[in-house]
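*Asks:*
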Amino acid sequence: MACRSDIDLATLHQHRLEERLHYGFAWCGAHGSSQQQQQQQRLTHYNEQLIRHSATQQRQRLANSSGYYKMDDRQPAGVNSVACKVKENIANNSQNEIQQQQAEDEYDSYFTSTTRRRRSGTWPRTRSLNAPSPFQQFGPCGRIMKNSAMVMQIQDPASQRLTWYKPPLTVLVIKKKDSQVLLPFVQLVEWLVQEKNMVVWVESAVLEDKLLRDDVKLEQESAKFRQVHEYYTGVRSRFQALREKLVTFKDGRDDLTDRIDFIVCLGGDGTLLYASQLFQQSVPPVMAFYLGSLGFLTPFQCDNFQEQVTNVLEGHAALTLRSRLRCSIHRKGERRRESLQQASNNLLKPSLQSQYGYGPMGNSHSNSNNNCNLSSSNNSILVLNEVVINRGPSPYLSNIDIFLDGKYITSVQGDGLIVSTPTGSTAYAAAAGASMIHPSVPAILVTPICPHSLSFRPIVVPAGVELKISISPDSRNTSRVSFDGRNDQELNHGDSLRVTTSIYPVPSICSQDQISDWFDSLAEGLHWNVRKRQKCLDELSDLTTSSSEDTLDEFDNLKIYDA
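Letter 49 of the sequence shown, counting from 1, is numbered 49 in this note's numbering, and no numbers are missing.
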């Protein structure tokens, strides 16, 4: 029993040494420019203490083998002579060993009650939004099996800063369809073209805006429009001078992949969702200005946009990586068609495949439609907020089966289901009773819509799982599915919707940092936890001026009068 305890104690001391070493490295990384020198000092100190710790273990084993150990202040019988010899050996130790023991005592004093309290959860750490890495050894025998597939490197969100490995040259400016946005839009575009010498991309619909055109037949318009058109005369003249320098695109026709370096959104949250929908793979950094109604995802103000955009272009900005969901619909007969196509490709020559109509699936013309065709496993759409499955116009309850990594979880009987990202947790999911999750948390939120059950609560699942959502075989109706409020499609019996986290997040530029921006949006946009402050006792004059005896006397008088 003593030997087993010694092994556990030695293992614990070694783990404490390693923990102290890593703790020192963490603080070295958070301070100053002498990081390498401090790390070297920590490593040398760690090696010295490890040598001293090994010497202590050797002396302990010598004492145990000689029968000299102390337990409950009693010595075992028959070991007095051996004990005397060991005591004489210890008394004749050299001065170096005494100094070494003092150093070990100093090391043991490190693990005081304060240190244990720190190790229990209040240890001072560098600012990090990630949880500490869990210890992977459980007891003396158990540990997590090492597997290369399980290794996942997650950068600390607090250290995510924007950097440009080459100067950005092209910028996409997206504005909402509102006349109040015209003036800041023209001012921003004019400044980007003339001052920053950047190539500005805009939607082709911007050039067709009647308020920015001079060839509009005003006699055919209403009196209110003529008044507004006259009000924006100066803005229109400034835009006409820039018209020929702008590059236009049309949604659903032009591919913006690898063409845009930087995105600026002028509007509300819907403008940022539209920018996310334009890029179905890698998304350029997005800077969103608040010119809408809610502005939960738009932290910047247009008052001093020149200074703010300059800071971003110089790389002085924090980033929030907003994860997106990759969604695809698998139709009922698709699996059979794919198997038949694969068999035909193996049996028929390429010349005969086109003759018998066994061409490749997922033709390019299906991607040219604005409403993405997701009925093929080769096609998918990325959403920033949520994918919603609802009963549509049917009067019957939706009956939806949920599978997680191929395993049946539960069925939803209600109006529908919301599968959202942490960014979307403050949108439709919050209205349905879900918790609000910080966008840096890797997770998928599953929220039922008006479930016909008192115990169905929203759940949060890991970001790496794949959700399969299908219509139950005994469901009375089909369902409708929409992606960030767009591309509404029907989900029939036998069809399935596959949802998982995409590898392409939306890099949203922060006005301050990841924490301040999110809680400011909660407070200003949703008025989170807003109520009147409870008054302190000093402010309650009615309680301080009256005593309990007076109150009881009045109560007794009332009882007498009632009698």
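We put the CB at the ideal spot given by N, CA and C, even for glycine.
Assuming Leu467 contacts Ile402 (C-beta within less than 8 Å), just tell me the rounded distance between them.
*Replies:* Confirmed, about 7 Å.
*Asks:* State buried or exposed for Asp156, treating a residue as buried only when at least 16 other CB atoms are found within 10 Å of its CB.
*Replies:* By the neighbour-count rule (16 or more Cβ atoms within 10 Å), Asp156 is not buried but exposed.
*Asks:* Can you tell me whether DSSP reads Glu244 as helix, strand or coil?
*Replies:* Helix.
*Asks:* Round the Cβ separation of Arg633 and Asn477 to the nearest angstrom and send it over; I've been treating them as touching at under 8 Å.
*Replies:* Residue 633 falls outside the range modelled here, since the chain spans only 1 to 563, and no answer is possible.
*Asks:* For Gly32, count the other beta carbons within 10 Å of its own beta carbon; 16 or more makes it buried, fewer makes it exposed. Which is it?
*Replies:* The predicted position of Gly32 is uncertain, since its pLDDT is 46 and thus under 50; no value can be drawn from it.
*Asks:* Nearest to Thr421 by alpha carbon, out of Gly464, Val202, Thr233, Phe519?
*Replies:* When only C-alpha atoms are compared, the closest one is Gly464.
*Asks:* Classify Trp164 as helix, strand or coil using the three-state DSSP reduction.
*Replies:* Of the three classes helix, strand and coil, the one that applies to Trp164 here is coil, per DSSP.
*Asks:* Any idea if Glu230 is buried or exposed, counting beta-carbon neighbours within 10 angstroms, 16 or more meaning buried?
*Replies:* So Glu230 ends up on the exposed side.
*Asks:* Kindly indicate which three-state DSSP category Asp517 falls into: helix, strand or coil?
*Replies:* Looking at Asp517 - three-state DSSP - the assignment turns out to be helix.
*Asks:* Contact defined as beta carbons within less than 8 Å: I believe Leu497 pairs with Val461. What is the distance between those atoms, to the nearest angstrom?
*Replies:* The Cβ separation is near 15 Å, so there is no contact.
*Asks:* Kindly provide the ranges of any alpha helix (DSSP H) runs that are 4 or more residues long and lie completely inside the segment 407-487, ordered along the chain.
*Replies:* Runs found: 428-431.
*Asks:* Give the DSSP-derived three-state secondary structure of Glu490 in the structure shown.
*Replies:* Correct three-state label for Glu490: strand.
*Asks:* For the segment 281-316, list the alpha helix (DSSP H) runs that are entirely contained and at least 4 residues long, ordered along the chain.
*Replies:* Fully enclosed alpha helix (DSSP H) runs of 4 or longer: 305-313.
*Asks:* Is Ser502 near Cys510, with beta carbons less than 9 Å apart?
*Replies:* Cβ atoms of Ser502 and Cys510: not closer than 9 Å.
*Asks:* For Glu208, does the three-state DSSP call read helix, strand or coil?
*Replies:* Coil, per DSSP.
*Asks:* Going by the beta-carbon positions, is the gap between Cys450 and Ala427 smaller than 9 Å?
*Replies:* Result no, Cβ atoms of Cys450 and Ala427 do not sit closer than 9 Å.
*Asks:* What are the boundary residues of the beta strand (DSSP E) that Phe262 is part of?
*Replies:* Here the beta strand (DSSP E) through Phe262 covers 262-267.
*Asks:* For the beta strand (DSSP E) containing Pro507, name the first residue and the last one.
*Replies:* Element bounds for Pro507: 506-509.
*Asks:* Hey, out of Tyr232, Leu169, Trp164, Ile174, whose CA is closest to His316's CA?
*Replies:* Of Tyr232, Leu169, Trp164, Ile174, the residue nearest in Cα terms is Trp164.
*Asks:* At what residues does the beta strand (DSSP E) containing Arg226 begin and finish?
*Replies:* No beta strand (DSSP E) holds Arg226; the alpha helix (DSSP H) holding it covers 223-231.
*Asks:* Could you tell me which of Phe185, Val193, Arg161, Ser159 sits nearest to Leu169, measuring between CA atoms?
*Replies:* Closest by alpha carbon: Val193.
*Asks:* Quick one: what does DSSP say Glu386 is sitting in, helix, strand or coil?
*Replies:* Note: Glu386 maps to strand in three-state DSSP.
*Asks:* So, Leu491 versus Ser472, is the Cβ gap smaller than 9 Å?
*Replies:* No, the pair does not count as a contact, with Cβ atoms beyond the cut-off.
*Asks:* Is it the case that the segment 296-315 contacts the segment 257-273, given that we only count it when at least three CB pairs across the two stretches are under 8 Å?
*Replies:* With the cut-off at 8 Å, the segment 257-273 and the segment 296-315 touch.
*Asks:* Terminal residues of the continuous alpha helix (DSSP H) containing Glu195?
*Replies:* Element bounds for Glu195: n/a, residue is neither H nor E.
*Asks:* Is Phe403 helix, strand or coil by DSSP?
*Replies:* Reduced to three states, the DSSP call for Phe403 is strand.
*Asks:* Grab the span of the beta strand (DSSP E) containing Arg322 for me, first residue to last.
*Replies:* Looking at the DSSP string, the run of the beta strand (DSSP E) that includes Arg322 is 319-322.
*Asks:* Would you report the Cα separation of Leu384 and Gln220, rounded to the nearest angstrom?
*Replies:* Approximately 41 Å between the Cα atoms of the pair.
*Asks:* Check for me: the beta strand (DSSP E) holding Cys577 runs from which residue to which?
*Replies:* Residue 577 lies beyond the range of the chain shown here (1 to 563); nothing can be said about it.
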